[in-house]
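The next block holds one structure in the form of structure tokens; read it before the comments.
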């Protein structure tokens, strides 16, 4: 945008000069007309009666022209009623028989501004030139060559705009010389060639100067933009390309955040995005390693049982090996299902739109389902603070999955006759769901470890392979996606004795 300002000024200047020259010519014609009328009136007062009519006195008229025309730098010619020229101010002011006009010497050391002005003038003259009659200097000293003089001899003021061989405009105005409404002759005032263009050239020089300033500003701005915008963006682009084509290690994004502008913000965002991308890649690699390790265990057990089965003759032992094979297959099937669910979780969470979720209604519905469909399970005790609104932004299905995982975990650790306490509390904008059981609790060193993938620590009474160790990991991932937190802690008595485990989910009301 900055770089086209100079071109815009160049084109606007051409249009402006065309209007400026037209207005200048109109103003100059009006000025010449008034000047000619004043001089013609003065000449008419000096006329004398001849043999049969009033006549202009050439000598007195010449004196008037000498006094009144010299300061105006115009040429005055006086014609009689018969159309004969009797006075020419050029003859009065320069009576030499031969007049010479020195030409401007060629300047071989023109500066840049002069060269641009000449080039600009040539373009503007070509774009704005009007076809005007060619001005010719006639040797005949009569009025037949000038239409405006002939009209003035008929009593009407007239003007004409012509141009010389160099394209310079020449203005002429002719007015009648009258006394007592009798036309005694005609006075024609003519501008010198180039006086209009001299004024236009001055304006043109101003435009050229503005153009040069705009051009210089454009060059400076281009250099500034190259240094402050283009190069930093190129650095960011090259760094992003390096991240895409990386073969080993981490490719960093340049830290331009100290700039305090949009490019700095872009740098910070790209850096955060790249760090997140690398973290995700590392997480995928760890997940793949964990999956390989977890699948390898049941496969090893299956392989060992299959190898032993042909060599075993005892029916009870063979039945036991077949039972192990079935358990390992079920364990492997459950593990693969949970792994598939965990691997698709990120994509599913990103595609699921957020919606208002009423946690109170969700907890009531889940508790009713568990009480109606489960037998020989701990009693569920639901406590919801009355008079509060418990609405959060998320997915009802995913939040319900989290609560089911916590309930299943509490049920599996609760002793016979135990109670599972579920509380829904709101404090300001914080909404908490807590699930407590009467089980053995959690070792202090494992309060965070239990949220890692494939971590399992099950009751001894539970059959082996019933859980994959992904439930709590998936639950925490879902909660954090919706801006919440999932923590684990132990319930303790006054003397420090562990009474059970407590899992707490915290959301922000929405």
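Residue numbers (this note's numbering): 10 to 519.
Don't be surprised by glycine CBs; every beta carbon is placed ideally from N, CA and C.
Bear in mind that the values here come from a model prediction, so they are computed numbers and not experimental data.
Inset, instruction - Using the Cα positions of residue 171 and residue 142, report the straight-line distance between them to the nearest angstrom. - result: If you number the chain shown from 1, residue 171 lands on position 162. If you number the chain shown from 1, residue 142 lands on position 133. If I take the Cα positions, the gap works out to 5 Å.
Inset, instruction - Give the secondary structure of residue 252 by DSSP, where H, G and I count as helix, E and B as strand, and everything else as coil. - result: As a working mapping, residue 252 is identified with position 243 in the chain shown. DSSP places residue 252 in helix when its eight states are reduced to three.
Legend entry - residue 474 to residue 406 span [Cα, whole Å]: Numbered from 1 along the chain shown, position 465 holds the residue referred to as residue 474. Numbered from 1 along the chain shown, position 397 holds the residue referred to as residue 406. Summary for residue 474: the model assigns pLDDT 49, below 50, so the residue's position carries little reliability; its value from the coordinates is reported in the next sentence. Those two C-alpha atoms are separated by around 26 Å.
Legend entry - Boundaries of the beta strand (DSSP E) in which residue 401 is found, first to last residue: For the purposes of this step, residue 401 is taken as the residue at position 392 of the chain shown. Segment 400-403, the beta strand (DSSP E) holding residue 401.
Legend entry - Identity of the residues DSSP links to residue 200 by a beta bridge: Working through the chain shown from its first residue, we reach residue 200 at position 191. Paired residues: 83.
Legend entry - Top-ranked residue by Cα proximity to residue 244, from 279, 49 and 319: Taking the first residue of the chain shown as 1, we reach residue 244 at position 235. Per the Cα distances, 279.
Inset, instruction - Examine the Cβ distances between the region 172-192 and the region 219-235 and report whether three or more of them are shorter than 8 Å. - result: no
Inset, instruction - Could you tell me which of 83, 239, 166 and 246 sits nearest to residue 199, measuring between CA atoms? - result: For the purposes of this step, residue 199 is identified with residue 190 of the chain shown, where counting begins at 1. The shortest Cα separation from residue 199 among 83, 239, 166 and 246 belongs to 83.
Legend entry - Host beta strand (DSSP E) of residue 181 (start-end): Your numbering for residue 181 matches position 172 in the chain shown. Element bounds for residue 181: 178-188.
Legend entry - Extent of the continuous alpha helix (DSSP H) to which residue 498 belongs: Locating residue 498 in the chain shown gives position 489, counting from the first residue. Run containing residue 498: none in the alpha helix (DSSP H); it sits in the beta strand (DSSP E), 494-501.
Inset, instruction - Please list, in chain order, all residues of the same chain as residue 432 whose beta carbon is under 6 Å from its beta carbon, the five residues on each side excluded. - result: Residue numbering aside, residue 432 sits at position 423 when the chain shown is read from its first letter. Only 392 and 443 meet the Cβ criterion.
Legend entry - Proximal residues to residue 3 (C-beta, below 7 Å), its chain only, five neighbours per side dropped: The first residue shown for the chain is 10 and the last is 519, placing residue 3 beyond what the model contains.
Inset, instruction - Evaluate residue 194 with the Cβ neighbour count: other Cβ atoms within 10 Å of its Cβ, from every protein chain shown; 16 or more gives buried, anything less gives exposed. - result: Reading the chain shown from its first residue, position 185 is the one you call residue 194. Buried, since its Cβ has 16 or more Cβ neighbours within 10 Å.
Inset, instruction - Tell me where the beta strand (DSSP E) around residue 94 begins and ends. - result: Taking the first residue of the chain shown as 1, we reach residue 94 at position 85. 94-97 is the span of the beta strand (DSSP E), which, as asked, contains residue 94.
Legend entry - Where residue 575 falls, given that 16 or more other Cβ within 10 Å makes a residue buried: Because residue 575 is not part of the residues shown, which for the chain are 10 to 519, the question remains open.
Legend entry - Beta-carbon contacts of residue 389 that lie in its chain and below 7 Å, excluding the five residues immediately before and after: As a working mapping, residue 389 is identified with position 380 in the chain shown. If we look at residue 389 and ignore the five residues flanking it on each side, its Cβ neighbours are 376, 379, 380, 429 and 431.
Legend entry - Uninterrupted beta strand (DSSP E) stretches inside the region 215-270 (no shorter than 3 residues): none
Inset, instruction - Kindly identify the DSSP beta-bridge partner or partners of residue 513. - result: Residue mapping note: residue 513 aligns to position 504 of the chain shown, counting from 1. Bridge partners of residue 513: 443 and 496.
Inset, instruction - Determine the direct distance from the alpha carbon of residue 338 to that of residue 311, and round the result to whole angstroms. - result: Translated into positions along the chain shown, residue 311 becomes position 302. Translated into positions along the chain shown, residue 338 becomes position 329. Rounded to whole angstroms, residue 311 to residue 338 spans 8 Å at the Cα level.
Inset, instruction - Alpha carbon to alpha carbon, how far is residue 39 from residue 32? Give it in angstroms, no decimals. - result: Reading the chain shown from its first residue, position 23 is the one you call residue 32. Reading the chain shown from its first residue, position 30 is the one you call residue 39. Their Cα atoms are separated by approximately 11 Å.
Legend entry - Three-state secondary structure (DSSP) of residue 56: Indexing the chain shown from 1 puts residue 56 at position 47. Residue state, collapsed to three classes: coil.
Legend entry - 8 Å contact criterion, which residue 96 and residue 79 should meet: CB distance rounded: Taking the first residue of the chain shown as 1, we reach residue 96 at position 87. Taking the first residue of the chain shown as 1, we reach residue 79 at position 70. So it is not a contact: roughly 14 Å between Cβ atoms.
Inset, instruction - Kindly indicate which three-state DSSP category residue 108 falls into: helix, strand or coil? - result: Residue mapping note: residue 108 aligns to position 99 of the chain shown, counting from 1. Per-residue confidence for residue 108 stands at a pLDDT of 48, beneath the threshold of 50, marking its modelled position as unreliable; no derived number is given.
Inset, instruction - Consult DSSP for residue 367 and reduce its assignment to one of helix, strand or coil. - result: As a first step, residue 367 is located in the chain shown; it is residue number 358 there, counting from the start. Correct three-state label for residue 367: strand.
Legend entry - C-alpha gap between residue 497 and residue 448, whole angstroms: Here residue 497 refers to the residue found at position 488 when the chain shown is read from its first residue. Here residue 448 refers to the residue found at position 439 when the chain shown is read from its first residue. Residue 497 and residue 448: Cα-Cα distance of roughly 13 Å.
Inset, instruction - Give the DSSP-derived three-state secondary structure of residue 68 in the structure shown. - result: Taking the first residue of the chain shown as 1, we reach residue 68 at position 59. Correct three-state label for residue 68: helix.
Inset, instruction - Select from 350, 34 and 283 the residue whose C-alpha is nearest the C-alpha of residue 253. - result: Within the chain shown, the letter at position 244 stands for residue 253. It is 283 whose Cα lies nearest to the Cα of residue 253.
Inset, instruction - Could you tell me whether the region 337-351 touches the region 298-309, using the rule of 3 or more Cβ pairs below 8 Å? - result: yes
Inset, instruction - Could you tell me whether the region 510-519 touches the region 485-496, where touching means 3 or more Cβ pairs closer than 8 Å? - result: yes
Inset, instruction - Return the first residue and the last residue of the alpha helix (DSSP H) that residue 489 is part of. - result: Residue mapping note: residue 489 aligns to position 480 of the chain shown, counting from 1. That run of the alpha helix (DSSP H) goes 480-490.
Inset, instruction - Quick one: grab the DSSP three-state call for residue 51. - result: The residue labelled residue 51 in the question sits at position 42 within the chain shown. Of the three classes helix, strand and coil, the one that applies to residue 51 here is helix, per DSSP.
Inset, instruction - Report whether the distance from the Cβ of residue 76 to the nearest heavy atom of the ligand FMN is below 7 Å. - result: With respect to small molecules bound, the structure shown includes none, and the ligand FMN cannot be examined in it.
Legend entry - Exposed unless 16 or more other CB atoms sit within 10 angstroms - verdict on residue 382: As a position in the chain shown, residue 382 is number 373, starting the count at 1. By the 10 Å Cβ count, residue 382 comes out exposed.
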